[in-house]
Amino acid sequence: PASNLGLEDIIRKALMGNIET
Amino acid sequence: ELTREQQNLVNYILEAHLKQGFPADMSNKLLREQSSAEENFLLLTEMATTHVQVIVEFTKKLPGFQALDHEDQIALLKGSAVEAMFLRSAQIFNEKVPEDHTEQLEDKIRNSGISQEYITPMFNFYKSMGDLKMCREEYALLTAITILSPDRQYVRNRESVEKLQEPLIEVLQKICKRQHPGNPQHFACLLGRLTELRTFNHQHAEMLMSWKVN
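Residue numbers (the numbering used here), protein chains in the order written: chain L, 2 to 22; chain H, 208 to 421.
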C-alpha cells in the first residue's frame with residue numbers, strides 16, 4: 002500500500018540523518 | 208536491584224526517550240480552535256510524520272541498533288513504527304500534555320473524519336495505559352522493547368535482535384518490581400499491552416484505507 006511506502010521512505014531518510022527533527 | 212550496568216542502560220535509554228520533544232508549532236496548531244475535519248486530518252498526518260522521525264532518532268541511540276544489518280534496521284522500524292507511535296501517544300495523552308491540550312487533541316482526533324470504530328479502541332488503549340500508572344523508565348523501555356522485536360516481518364538476523372531485546376526485558380521486569388511492589392502482575396500487564404498494541408497495526412492500516420476512500 003502507498004501508505005507503507007511513505008512510511009519506509011521517511012524511515013530511510015531519517016536513518017540516514019537527512020531529516021531535521 | 209539493578210546492576211550498575213543495568214542502571215546505566217536505563218538512564219541512557221530514558222535520556223534518549225526524554226529527548227523526544229513535542230514541537231512547539233504543533234501545540235499552536237492544536238490550540239487553534241476553528242478547524243475543519245480536513246485541517247484536523249492534515250494536522251494528524253503531520254504529527255504522525257514527525258512522530259516517525261522522532262522514533263527513528265530514539266532508535267538510533269539504542270545500544271547495538273546501528274550495528275545491525277541495515278535492512279534489518281528498516282524492517283524493525285517499519286514493523287514497530289505504528290506501535291511506537293501509539294505508545295508515545297498514550298504517554299503524551301496521560302502524562303506530558305496539560306489538560307487543555309489533551310482535550311484539544313482528543314477533539315481534533317474525534318473530528319478528523321476518522322470512523323468511530325477506530326477512535327474508540329484508540330482512546331480505550333490510552334485510558335488502559337493510564338491505569339497502569341507507568342513511570343517514564345517503563346515507557347522508555349517498553350518502547351525500546353517494542354522496536355527491538357525479533358519477530359517482525361522481513362527481519363533476517365533475528366538472533367542479533369533478540370540479543371538486544373533480552374537485556375531490556377530483564378531490566379524492565381526489575382523496574383516493574385521496584386516501582387509497583389504491591390502488584391506482582393504489573394510486568395505481565397505491560398506485556399499484555401504489547402499484545403494489544405499489535406492489534407493497532409492492522410487497525411491503523413484499515414483506518415488509513417478508509418480515510419483515503421472517504
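Using N, Cα and C, we set each Cβ at its ideal position, and we do this for glycine too.
Requested in this report: Could you tell me if Val-420 of chain H is buried or exposed, where buried requires 16 or more neighbouring beta carbons within 10 angstroms of its beta carbon?
Outcome: exposed
Requested in this report: Check the Cβ-Cβ distances between His-224 of chain H and every residue of chain L, and say whether any is below 9 Å.
Outcome: no
Report task. Hey, could you find the ends of the alpha helix (DSSP H) Arg-239 of chain H is sitting in? Result -> That residue, Arg-239 of chain H, is in no alpha helix (DSSP H); it is neither H nor E in DSSP.
Query raised in the report: Which same chain residues, not among the five before or five after Glu-290 of chain H, have their C-beta less than 7 Å away from its C-beta?
Result: Thr-353, Leu-404, Arg-405, Phe-407, Asn-408
Query raised in the report: Nearest to Leu-221 of chain H by CA position, among H:Phe-265, H:Ser-319, H:Glu-212, is which residue?
Result: H:Phe-265
**Report entry** N- and C-terminal bounds of the alpha helix (DSSP H) containing Val-368 of chain H
**Finding:** 365-386
Query raised in the report: Between Asp-276 of chain H and Glu-246 of chain H, what straight-line distance do the alpha-carbon atoms span, to the nearest angstrom?
Result: 39 Å
Query raised in the report: Shortest alpha-carbon distance to Gln-298 of chain H belongs to which of H:Gly-399, H:Ala-347, H:Arg-317, H:Thr-327?
Result: H:Ala-347
**Report entry** Coil, strand or helix - Asp-279 of chain H by DSSP
**Finding:** helix
Query raised in the report: When Cβ atoms are compared, which residues of the region 282-302 of chain H fall closer than 9 Å to chain C?
Result: Of the protein chains in this structure, namely L and H, none is chain C.
Report task. Could you tell me which of H:Phe-300, H:Trp-418, H:Thr-309 sits nearest to Ser-319 of chain H, measuring between CA atoms? Result -> H:Trp-418
Requested in this report: May I ask you to report which of helix, strand or coil DSSP gives Met-341 of chain H?
Outcome: coil
Query - CA nearest to the CA of Lys-340 of chain H, picked from H:Gly-271, H:Glu-302, H:Thr-327 - result: H:Glu-302
Query raised in the report: Can you tell which of H:Leu-375, H:Gln-227, H:Pro-328 has its C-alpha closest to the C-alpha of Thr-210 of chain H?
Result: H:Leu-375
Query raised in the report: How about Ile-12 of chain L and Lys-267 of chain H: do their beta carbons lie closer than 9 Å?
Result: no
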